[in-house]
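Written out below as structure tokens is the structure these notes cover.
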Amino acid sequence: MQGLRHILEQAPNGVAVGHFNVSDLVLLKAVFAAAHELNVPVIVGASKGERDFLGVRQIANLVRSLREEFDFPIFLNADHTHSLTDAIESAKAGFDAIVFDVSSLPLEKNIRQTKEAVEALKAINSTILVEGEIGDIGTGSEIHEEAFNVSRFTTPAEAKEYVDSTRIDILAPAVGNMHGMLKSMVTGELKKRLDIERIAQIKSATQVPLTLHGGSGTDDDDLRKAIAAGINIVHINTELRVAWRHGMEEGLTKQPNEVVPYKILPFAVELVKQVVRSRLKLFNFGADPMSALPRTKKEN
Ligand SMILES: [Zn+2]
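Position one of the sequence shown corresponds to residue 892 (my numbering), numbered consecutively onward.
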């Protein structure tokens, strides 16, 4: 089976790999089921809080078991690791990719620490992909009360300096994206908008795969344009968490006397799966579902 690096390098223009965060088996089942049905590669993300809840080695083994049993391109990313210790723990557990995020530091310090992390992680697993981040895209993938105040967009010049100095495999720029959603984004009244021109400039300056973090609540057309401009991975988390909660509530209220988890939880699996399916269709097939054929996993 193709590795994640190969998939990112060979993906046709206009196609991005969906990255979906999981906190539990409900979310993992939903992400895998949607990707498997559409027959497109997928990345499962586990951030620090999610890894702490799931167990670093436990989630690594769950994802590996799906990949092996179904011979399917499902990969695991350690999302937002803020320390080298955490990154090393994930690399040793078998994660396919690591987001080493010290973007809150000044650029020079960020470069120095990320370069060290790249060297340390590649020494553990030479095929691991390391992603670095510059600029400000906020923190929590949750519902925020206050409007986002984006202070630091990534510039093409600093992106090039950062990629050249650190030798990261993947760059996460700040281009209008932001973690979490406002209430008005959950209802769909407001959409996040992206700086497409900046994405194209950063791509042309760096020539590396680019990840869009905080994709939840982004305008569909902006997502399509961003992918065409050079985004290769799109992260969706908050939209899944909203669907997870709605599904849990549905499963409980429709069966007020039920106590069997596997009769309650499928409601959440189904709602999360619907979100993942619609996002994967957008990322892989663009505007017209008929315009691209699903890639088969055996394809070379
Ligand atoms: Zn993120």
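Heads up, the beta-carbon is just placed ideally off N, CA and C, and yes, glycines get one too.
Proximity to residue i [Cα-Cα], best of the options
{"i": "residue 956", "options": "985, 941, 928 and 971", "result": "985"}
{"i": "residue 964", "options": "907, 927, 998 and 981", "result": "927"}
{"i": "residue 1044", "options": "1093, 938 and 1035", "result": "1093"}
{"i": "residue 938", "options": "932, 929, 930 and 951", "result": "951"}
{"i": "residue 1012", "options": "1087, 990 and 1024", "result": "990"}
{"i": "residue 1086", "options": "905, 1114, 1108 and 1127", "result": "1114"}
{"i": "residue 912", "options": "1066, 1164 and 1175", "result": "1164"}
{"i": "residue 1098", "options": "1063, 1159, 1032 and 1177", "result": "1063"}
{"i": "residue 980", "options": "1028, 959 and 946", "result": "946"}
{"i": "residue 1112", "options": "1058, 1177 and 915", "result": "1177"}
{"i": "residue 1175", "options": "904, 892 and 1055", "result": "904"}
{"i": "residue 1006", "options": "974, 1100 and 1122", "result": "974"}
{"i": "residue 1061", "options": "1022, 1129 and 1133", "result": "1022"}
{"i": "residue 908", "options": "942, 1134 and 1102", "result": "1102"}
{"i": "residue 1079", "options": "1107, 1120, 917 and 914", "result": "1107"}
{"i": "residue 1034", "options": "1154, 1077, 1051 and 1139", "result": "1077"}
{"i": "residue 934", "options": "943, 917, 940 and 954", "result": "954"}
{"i": "residue 1046", "options": "1059, 1089 and 1027", "result": "1089"}
{"i": "residue 968", "options": "960, 1136 and 977", "result": "977"}
{"i": "residue 1036", "options": "1051, 966, 1066 and 1070", "result": "1070"}
{"i": "residue 962", "options": "940, 949 and 930", "result": "930"}
Residue(s) in a DSSP beta bridge with residue i
{"i": "residue 1119", "result": "DSSP lists no partner for residue 1119."}
{"i": "residue 940", "result": "Beta-bridge pairing links residue 940 to no other residue."}
{"i": "residue 910", "result": "934 and 1126"}
{"i": "residue 1063", "result": "1024"}
{"i": "residue 1072", "result": "1034"}
{"i": "residue 1015", "result": "DSSP output for residue 1015 lists no bridge partner at all."}
{"i": "residue 1109", "result": "1083"}
{"i": "residue 989", "result": "969 and 1021"}
{"i": "residue 1102", "result": "1124"}
Rounded distance between the beta-carbons of residue j and residue i, thought under 8 Å
{"i": "residue 1083", "j": "residue 1109", "result": "4 Å"}
{"i": "residue 983", "j": "residue 1015", "result": "6 Å"}
{"i": "residue 1105", "j": "residue 1068", "result": "4 Å"}
{"i": "residue 996", "j": "residue 1004", "result": "7 Å"}
{"i": "residue 1131", "j": "residue 1167", "result": "7 Å"}
{"i": "residue 993", "j": "residue 1001", "result": "5 Å"}
{"i": "residue 1118", "j": "residue 1100", "result": "Actually they do not touch by this definition, with Cβ atoms about 12 Å apart."}
{"i": "residue 1048", "j": "residue 895", "result": "Actually they do not touch by this definition, with Cβ atoms about 28 Å apart."}
{"i": "residue 1127", "j": "residue 1170", "result": "5 Å"}
Helix, strand or coil at residue i according to DSSP, with G and I counted as helix
{"i": "residue 1038", "result": "coil"}
{"i": "residue 983", "result": "helix"}
{"i": "residue 966", "result": "strand"}
{"i": "residue 976", "result": "helix"}
{"i": "residue 1191", "result": "Low confidence applies here, because residue 1191 scores a pLDDT of 36, under 50, leaving its location unreliable; read the following figure in that light. If DSSP states are grouped into helix, strand and coil, residue 1191 belongs with coil."}
{"i": "residue 1171", "result": "helix"}
{"i": "residue 1078", "result": "coil"}
{"i": "residue 905", "result": "coil"}
{"i": "residue 892", "result": "coil"}
{"i": "residue 1138", "result": "helix"}
{"i": "residue 1133", "result": "helix"}
{"i": "residue 1150", "result": "coil"}
{"i": "residue 923", "result": "helix"}
{"i": "residue 997", "result": "coil"}
{"i": "residue 1057", "result": "helix"}
{"i": "residue 1044", "result": "coil"}
{"i": "residue 898", "result": "helix"}
Residue i beta carbon near ligand 2 (any heavy atom closer than 7 Å)
{"i": "residue 1059", "result": "Because ligand 2 does not appear in the structure shown, any question about it cannot be addressed here, the ligands present being ligand 1."}
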